[in-house]
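Numbering (our numbering), first residue to last: 732 to 1022. Where is the CB? At the ideal position from N, CA and C, for every residue including glycine. Following: one structure in structure tokens, then a few remarks.
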Amino acid sequence: MKVYINGKFYDKEEAKISVFDHGLLYGDGVFEGIRSYNRRVFKLREHIDRLYNSAKAIMLEISVSKQEIEKAIIETLKINNLSDAYIRVVVTRGIGDLGLDPRKCPPSSSSIIIITDKIVLYPQELYENGLELITVSTRRNLPSAMNPAIKSLNYLNNIFAKIEAIKAGCEEAIMLNKDGYVAECTGDNIFIVKNNVLITPPIYIGALPGITRDTVINIAKTKFKLEVKEDVFTIYHVYTADECFLTGTAAEVIPVVKVDSRIINDGKPGEVTKRIIKEFRELTCTAGIPY
Ligand code: PXG
């Protein structure tokens, strides 16, 4: 495996950055998780736009252009001869001293890292039978403090929630915002379906503007002519929904059939969910930037 760091390729064992990099010391950096299917990078432009938006929000100037990063991603995939891959792009603040002050990190020391690998998915069985979730006590970060819209290198909030879920025997967690409204999961956005209307929390309440979320909204609206609402809802609305599913680059679209020991509807993946999964899979096979 070859890893890209600042324009050069390194063997996995040799792919290293400084212990003084503020990405490590403070989680001071941003990242993206992207997928390629069938030698096509899915929603590449959208991921790169979000990476630059995250960087802008934390006042980290990425020293190369969007086109250069896109080119580097394609090169990394080719050099590793991967046709279906998970692509992790990381941009750190760079090398500073043992203090917070980002002025100590020269932009030239900022690292752009691209790792391409296979991704371990949930077992296929869960895509057919659905996932069980638990609502955790860890609240999603306050948008006014550390906005969940920023895909920063500090994922502790999500990791706390993931630990709670795992301890409870669940693979994923529902995170509420400080007001108790459903925000998102640790690595996925959440949708419910009620009377054929799709509802997903608005980003401003504290969620990542997911690219799979956007893709699914688009499929539902344009392909299936379904109504989609971005609206706040509580965990009660999840328990009593007709259907529930999650979206994310890693998870893709996955049905949810049980939440906090409440069986959703009849405990089977819903019809709308199944249609969206099928359509999403077809799209990933044909769309994307070829390489
Ligand atoms: N919310 C959060 C907090 C995420 O981290 C999503 C929603 C879904 O966004 P996208 O754009 O992927 O539809 C994410 C994305 C991993 C991994 O390594 C996590 C994500 C993506 C890829 C890999 O666990 N999370």
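Could you tell me if the beta carbon of Gly760 falls within a distance shorter than 7 Å of some heavy atom in ligand 1? Checking every heavy atom of ligand 1 against the Cβ of Gly760, none is found closer than 7 Å.
Evaluate the contact criterion for the stretch 825–842 versus the stretch 960–973: three or more CB pairs, one atom per stretch, below 8 Å. no
Gly738: buried (16+ other C-beta within 10 angstroms of its C-beta) or exposed? Of the residues assessed, Gly738 falls on the exposed side of the cut-off, its CB having fewer than 16 other CB atoms within 10 angstroms.
For Tyr1022, which residues does DSSP report across the bridge? Residue pairing from DSSP leaves Tyr1022 without any beta-bridge partner.
Helix, strand or coil at Tyr886 [DSSP, three-state]: coil
With a threshold of 16 other CB atoms inside 10 Å of the CB of Met790, please say whether the residue is buried or exposed. exposed
For Val959, does the three-state DSSP call read helix, strand or coil? strand
So what does DSSP say about Lys774, is it helix, strand or coil? coil
What's the call for Tyr783, buried or exposed, on a 16-neighbour Cβ count within 10 Å? buried
Hey, Val987 and Ile995 are a contact pair by Cβ (cut 8 Å); roughly how many whole angstroms apart? 6 Å
Residue environment, Asp997, which counts as buried when at least 16 other CB atoms sit within 10 Å: For Asp997, the number of other beta carbons within 10 angstroms of its own is below 16, and it is reported as exposed.
Please report the distance separating the alpha-carbon of Tyr853 from that of Ala816. 15 Å
Between Ile800 and Ile748, which are expected to be in contact by the criterion C-beta below 8 Å, what is the C-beta distance as a whole number of angstroms? Between Ile748 and Ile800 the Cβ distance is about 17 Å, and since that is not below 8 Å, they are no contact.
Ligand 1 and Glu915: does the residue's C-beta get closer than 7 Å to at least one heavy atom of that ligand? yes
Beta-carbon gap between Glu902 and Leu862 smaller than 8 Å: For Glu902 and Leu862, yes; Cβs fall inside 8 Å.
Quick check on DSSP: helix, strand or coil for Gly754? helix
Simplified DSSP assignment, three categories, for Tyr783: helix
Kindly provide the ranges of any alpha helix (DSSP H) runs that are 4 or more residues long and lie completely inside the stretch 847–922, ordered along the chain. Runs of the alpha helix (DSSP H) inside the stretch 847–922: 855–860, 887–898.
Specify whether the stretch 903–923 and the stretch 865–884 touch according to this definition: at least 3 beta carbon pairs, one from each stretch, less than 8 Å apart. yes
Hey, would you say the C-beta of Leu939 is under 7 Å away from at least one heavy atom of ligand 1? yes
Taking only heavy atoms of ligand 1 into account, decide whether any of them is closer than 7 Å to the Cβ of Ala951. no
Please name the residue, chosen from Ile921, Arg781, Glu806, that lies closest to Ile966 on a Cα-to-Cα basis. The shortest Cα separation from Ile966 among Ile921, Arg781, Glu806 belongs to Ile921.
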